[in-house]
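Residue numbers (our numbering), protein chains in the order written: chain G, 11 to 445; chain P, 464 to 895.
Glycine included, every Cβ here is placed at the ideal spot set by N, Cα and C.
All of these numbers come straight from a predicted model, not from anything done at the bench.
Accompanying notes for the structure given below.
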Amino acid sequence: MTEYTLKNGIKCIWLSDFYQPVLTVTLQVPRGKHCDPETLEGTAELAVSLMEKGPASLSGEDFVERLENSGATLFADVKEEYIIIGIRLLQRAADEIIPLFWEMICSPAFDIKEFNRLKKEMITGLQAEFSDPSTLAGKHFSAELFGSSHPAGRMHSIESVKRITLQNVKDFFTSCVAPGGCQMIVAGAMKTDDMRKKWETLFESWNRESKEVQTRYEPLPYLIENRIRIIDKSEYSQTTLILGHQCINELHEQKVSLAIANYILGAGNFSSRLMKRIRTEAGRTYSIASMLSCRKNYGVFSIGTSTQNNQLKTVLNSVLDVYNTFVNEGATDSEIDKAKQFAAGNMAFELEGLNNVVEKLLWMRFFGRDNSYIESYESLIDPVNAASLKKALHEHMRFTNFVIIAVGKKNDILDQMESFGRVTCFNYRSNPLTA
Amino acid sequence: MLDTITEKILNNGLKVISLKKNDTPVVSVQVWYKVGSLNEHDGIRGVSHMLEHMMFRGSAKVASEEHAQRINDIGGHCNAFTMEDVTSYQNSVPKEHLEMVLELEADRMKSLRIDKALFDTERKVLVEEYHTYMNNPVAKAFLEFRTVFYKDHPYQISPLGRIEDIQSVPETALRDYYTRWYSPDNAVLVVVGDFEGCDALLGLVQKHFGDIPSGNSNTALPMIPPEHGSVWMKRRVDFDVPIILVGYPSPASASEDALPLDILQMITSQGETSRLHKEIVRKQSLAVMAGGINHSLKHAGMSMFFAAFTPDTSYKKVESAINAQIEIIRKNGISDKEMERVKNVTLTNRMFELYSAEYLCQRIGYSEIVDGDYKIWVRKLEDLETLNRDRLVETAEKYWKEEKKYTLYLKPKKINPVLYIVGLVRRIMPKH
């Protein structure tokens, strides 16, 4: 593996792997959904979808045919803080496909017909989400926790997507998708020197300035009361629940302690306290898990589950009891040891196969971590003990108030939810931010 | 690499299939039992899935949920699923823990405990799972569709079962079901990953599974192919996007026609170069998305096509457009270019699949039980080379018959008036 910065600012990793005769090229652009212009949420996703329709020199149809005829597959993922665009292909197709892929990155066609089609597709997808209780709960959770002044609180809606024009997409591309600050990994069945010789000049031919992106946000105000929403879905026999609060960012020094704590509380599947209490012992849910989502500049802790309408209050009380006990008392040495063993053992799976290695490397570099992060991972988690874990819990998790979202039949669950505080009810079609 | 797969049958009938792969220090261990919802009858609909849950609730040497906890605690992961023809238990762990997993799987194969109190709690979990599924309006409508499609056939009821049976089936029925079906001669153990060597692996397997007695499960069920006529169904659902689904009876997965039909399905309905996407989505702008899959099971299957469209579009037009594309393929077949594309896409997918021990384990196990021989999956690329276009036309004519077509139209209960008007205006306005 060799790593250096190209003349145009792309930090490039060349990684040889001869296990199979394949190659991947993956570009990470350090700007994502959070760069959507206000009221035009969804622009980043539309821009990337439209880029995938190919370069100006080919019709969308011809482009996809050329890729698929050679067996190549495009992939893309638009995250909050970055965008991934890549291609997987057979090594033998590299000479034809990689220049085509790069042309797509440098000068996408942005065809109006494709734009209209993709916009319609996106709106239809958003309509379909009205029947997905987890998605509804997640959107309302973000809107309630962050509000419209924080980019994490603004998510695309039918209204915002309808407002987006082709010019908005082009503007986003011009200002946000540029080589400066990008990471790229070229990996697969070639010697690194050969890869460089073949494609370095091509990759350096992309030149464009990018705009400065605001990545620091004001900290959220502390929750002074439970902020509760019911999203009314009158057909549902079961309520989907999300509750949580703000938390630390990825680079915080106590992140490792809280990740271990999160495993013990709710991320550790059947080893977690929440799963044990709510599913294994009480049988009141099929699934329950907690999640610690840490970005560069903020983080969120949440717990998600579902249960039949008539036992919602019981389940919510149990969840809060497990949470409070854990946050106040901390974990046992045995629980911490097991969580650390999981973290250490699981690293092998995170690095299984070319795609996983590429994904992990890009994630690490985005947060400024070099390869020593993997090599010394065990020494990173090793110092976590009962005292440090409890300290982290007390400093960052001891919340008495939460954002609580329940998606279910209002008539069945309103009384139950009111015992936790004042409830605001929403129609499921409402925009989570503007309703 | 796949030519190094080895197989061995122990004296008690347990078939062991293994593939050594040492690019990552992990190993996947899966046990596939030849039993699923196919083997159920009225009164115990859902029992295979219930037993799958109880397999995590303890055995002679393992406490309730300890199996999953021990796997998690060393950085691994485990799961299970129940299908029509098979129930599968899957574990992936760092390589040094291979023996622990074999021991855990062997213990629950020979000595599962079905405790009434634990079963009553797990029953509640299963009821919750049932409701989670039923809160999805499209999935719920599809369950109804399959009961019509597979009328009077064991595939009629999904592995999810019936709620009344889930709520009432006694634990004794589970015990009987376990005794009948969970024996080594009715199972396949698949191990893929970084283990020492085949002999050492077989030694460990023999050590832990070798003393489990054979059972007397009779897996050869009398199977009558489902009777099919043409059916058209319309259901109003709580889903804002109208959907048309067209299904044709397809052959058992071991049939010689299965591969040609899979290829036809790819060309017709998978990816942006497929006929449906190019014609219905791109050219005619009738649908927002269109796709399809050949859902092939051990004894029968369904070759499906679907399209999602906006409420201002006539479902009749969408349905006609799907039918027209199928008719064109039935009459004219496919091009050499399309055939080449299928080969290349399949090859690329296969190359990337080879990186994952868990995925390989799953493909081998599934193919061994559902196709009847894992080699059918292994030699798919070679078989593709020998397929010719005439064979594909014959297959399309044989299975995509108008008189055996099932259609399901999912109509939204409520139409969002704003979206309807926006869609209508867009349709009337001149296109760019």
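Leaving out five residues on either side along the sequence, give the residues of the same chain with a beta carbon under 7 Å from the beta carbon of Gly828(P). Here residue 828(P) is taken as the residue at index 365 of the second sequence, counted from 1. Excluding sequence neighbours, Gly828(P) sits near Gln493, Trp495, Ser551, Val651, Val653.
Going along chain A, which residues have a C-beta under 8 Å from Asn279(G)? Considering every chain present, this structure includes no chain A. Its protein chains are G and P.
Under three-state DSSP, which class holds Gly764(P)? Working through the second sequence from its first residue, we reach residue 764(P) at position 301. The three-state secondary structure of Gly764(P), taken from DSSP, is strand.
So, is Ile480(P) buried or exposed, given that buried needs 16 or more other C-beta atoms within 10 angstroms? Position 17 of the second sequence, counting from 1, holds the residue named residue 480(P). Counting Cβ neighbours within 10 Å, Ile480(P) comes out buried, since at least 16 surround it.
Range covered by the alpha helix (DSSP H) that runs through Ser899(P): The question about residue 899(P) has no answer, for chain P in this structure spans 464 to 895.
is_contact[Glu566(P), chain G] using C-beta, thresh 8 Å: The residue given as residue 566(P) occupies position 103 in the second sequence. No, Glu566(P) does not count as interfacial toward chain G.
Buried or exposed: Glu362(G), going by 16 or more other Cβ atoms within 10 Å of its Cβ? Counted from its first residue, the first sequence places residue 362(G) at position 352. With 16 or more neighbouring CB atoms inside 10 Å of its own CB, Glu362(G) falls in the buried class.
Determine the extent of the beta strand (DSSP E) in which Gln825(P) is found, giving its start and end residues. Counting from 1 along the second sequence, the entry for residue 825(P) is found at position 362. From DSSP, Gln825(P) is part of no beta strand (DSSP E) but of the alpha helix (DSSP H) over 820 to 829.
Within 10 angstroms of the Cβ of Gly796(P), are there 16 or more other Cβ atoms? Answer buried if so, exposed if not. As a first step, residue 796(P) must be located in the second sequence, where it is residue number 333. Answer is buried; the Cβ neighbour count reaches 16.
Pull up the distance between the alpha-carbon of Lys431(P) and that of Leu212(G), whole angstroms please. For residue 431(P) there is no data in the structure shown, the boundaries of chain P being 464 and 895.
Which residue spans inside the stretch 504 to 564 of chain P form an unbroken alpha helix (DSSP H) run of at least 4? Complete alpha helix (DSSP H) runs here, min 4: 510 to 517, 529 to 536.
Does the beta-carbon distance from Ile313(G) to Val337(G) come in below 8 Å? By one-based count along the first sequence, residue 313(G) stands at place 303. By one-based count along the first sequence, residue 337(G) stands at place 327. In this structure, Val337(G) does not lie closer than 8 Å to Ile313(G) by Cβ.
What is the C-beta distance between Ala770(P) and Ala787(P), in whole angstroms, given that I count them as a contact (C-beta under 8 Å)? Your numbering for residue 770(P) matches position 307 in the second sequence. Your numbering for residue 787(P) matches position 324 in the second sequence. Contact doesn't hold; Cβ gap of about 12 Å is too wide.
What does Met814(P) touch in chain G if you count any residue whose Cβ is under 8 Å from its own? Numbered from its first residue, the second sequence carries residue 814(P) at position 351. Those are Gln30, Pro31, Val32, Leu100, listed as they occur along chain G.
Asn365(G) touches chain P at which residues, Cβ-Cβ below 8 Å? Translated into positions along the first sequence, residue 365(G) becomes position 355. Neighbours of Asn365(G) on chain P, chain order: Phe815, Tyr818.
Using a Cβ-Cβ cut-off of 6 Å (strictly less than) and excluding sequence neighbours within five positions of Lys21(G), which residues of its own chain qualify? The residue labelled residue 21(G) in the question sits at position 11 within the first sequence. Around Lys21(G): Thr15, Gln193.
Rank Ser555(P), Met464(P), Thr776(P) by C-alpha distance to the C-alpha of Gln825(P) and give the top, closest one. Within the second sequence, the letter at position 362 stands for residue 825(P). Closest in C-alpha terms to Gln825(P), from the list Ser555(P), Met464(P), Thr776(P), comes Ser555(P).
CA-CA distance, Gln351(G) and Glu529(P)? Translated into the one-based positions of the first sequence, residue 351(G) becomes position 341. Translated into the one-based positions of the second sequence, residue 529(P) becomes position 66. Going from the Cα of Gln351(G) to the Cα of Glu529(P) covers about 16 Å.
C-beta contact flag for Val601(P) and Leu823(P) at 8 Å: Translated into the one-based positions of the second sequence, residue 601(P) becomes position 138. Translated into the one-based positions of the second sequence, residue 823(P) becomes position 360. Not a contact, by the Cβ cut-off of 8 Å.
Can you give me, in chain order, the residues of the stretch 698 to 730 of chain P that have a beta carbon less than 7 Å from any beta carbon in chain G? Look at the stretch 698 to 730 of chain P: the residues with a C-beta under 7 Å from a C-beta of chain G are Asp701, Phe702, Asp703, Val704.
Let me confirm a value: Trp644(P) is counted as buried when at least 16 other C-beta atoms fall within 10 Å, else exposed. Which label applies? Here residue 644(P) refers to the residue found at position 181 when the second sequence is read from its first residue. Its Cβ being crowded by 16 or more others within 10 Å, Trp644(P) is buried.
Quick check: what's the CA-CA separation for Ala543(P) versus Met513(P)? Counting from 1 along the second sequence, the entry for residue 543(P) is found at position 80. Counting from 1 along the second sequence, the entry for residue 513(P) is found at position 50. About 11 Å.
Determine, using beta carbons only, whether Ile891(P) comes closer than 8 Å to chain G. Counting from 1 along the second sequence, the entry for residue 891(P) is found at position 428. Because Ile891(P) carries a pLDDT of 46, less than 50, the predicted location of this residue cannot be relied on, and no value is offered for it.
Own chain partners of Ile258(G) with C-beta closer than 7 Å, once the 5 adjacent residues on each side are dropped: What you label residue 258(G) is simply residue 248 of the first sequence in a count that begins at 1. Setting aside the 5 residues that flank it on each side, Ile258(G) is surrounded in the same chain by Gln264, Lys265, Leu268, Cys304, Gly309, His406, each with a C-beta closer than 7 Å to its C-beta; the list follows chain order.
Since Pro161(G) meets chain P, which of its residues come closer than 8 Å, beta carbon to beta carbon? Here the question's residue 161(G) lines up with position 151 in the first sequence. By Cβ distance, chain P contributes nothing, its closest Cβ being about 26 Å from Pro161(G), past 8 Å.
Please name the residue, chosen from Gly666(P), Lys614(P), Tyr862(P), Leu760(P), that lies closest to Glu790(P) on a Cα-to-Cα basis. If you number the second sequence from 1, residue 790(P) lands on position 327. The option with the nearest alpha carbon to Glu790(P) is Tyr862(P).
Do you know offhand how far Tyr29(G)'s Cα is from Val88(G)'s? Within the first sequence, residue 29(G) is the residue found at index 19, counting from 1. Within the first sequence, residue 88(G) is the residue found at index 78, counting from 1. So the two alpha carbons sit approximately 29 Å from each other.
For Glu866(P), the nearest candidate out of Arg804(P), Glu503(P), Tyr711(P) (CA to CA): Looking up residue 866(P) in the second sequence gives position 403. Sorting Arg804(P), Glu503(P), Tyr711(P) by C-alpha distance to the C-alpha of Glu866(P) places Tyr711(P) at the top.
Excluding sequence positions up to five away, which residues of its chain have a Cβ less than 8 Å from the Cβ of Arg576(P)? In the second sequence, residue 576(P) corresponds to position 113, counting from 1. Non-local beta-carbon contacts of Arg576(P) in its own chain, meaning distances under 8 Å to residues more than five positions away in sequence, involve Arg520, Gly521, Ser522, Ala523 in chain order.
Whole alpha helix (DSSP H) runs in the stretch 303 to 358 of chain G with 4 or more residues, listed along the chain? The alpha helix (DSSP H) runs of length 4 or more contained entirely in the stretch 303 to 358 of chain G are, from start to end of the chain, 322 to 339.
Closest to Glu195(G) by CA distance: which of Arg206(G), Ala188(G), Val187(G) is it? Stepping through the first sequence from its first residue, residue 195(G) is reached at position 185. The sequence shown places Ile at residue 195(G), rather than the Glu named in the question. Nearest in C-alpha terms to Ile195(G), of all of Arg206(G), Ala188(G), Val187(G), is Arg206(G).
Under 7 Å Cβ-Cβ, which residues of chain G neighbour Pro557(P)? In the second sequence, residue 557(P) corresponds to position 94, counting from 1. Chain G residues near Pro557(P): Gly355, Ala358.
Mind checking which residues open and close the beta strand (DSSP E) that includes Asp380(G)? One-based indexing of the first sequence puts residue 380(G) at position 370. DSSP places Asp380(G) in no beta strand (DSSP E); its state is neither H nor E.
Any chance the CB of Ala402(G) is under 7 Å from a heavy atom of the ligand PLP? Among the ligands in the structure shown, none appear at all, so the ligand PLP cannot be discussed.
By alpha-carbon positions, which one of Leu372(G), Gly431(G), Glu339(G) ends up nearest to His404(G)? Position 394 of the first sequence, counted from the first residue, corresponds to residue 404(G). Distance check between His404(G) and each of Leu372(G), Gly431(G), Glu339(G) places Glu339(G) closest, using alpha-carbon atoms only.
Same chain only: Cβ atoms within 6 Å of Asn411(G), ignoring 5 sequence neighbours per side: Along the first sequence, one-based indexing puts residue 411(G) at 401. So the qualifying residues of the chain are Leu233, Glu235, Asn236.
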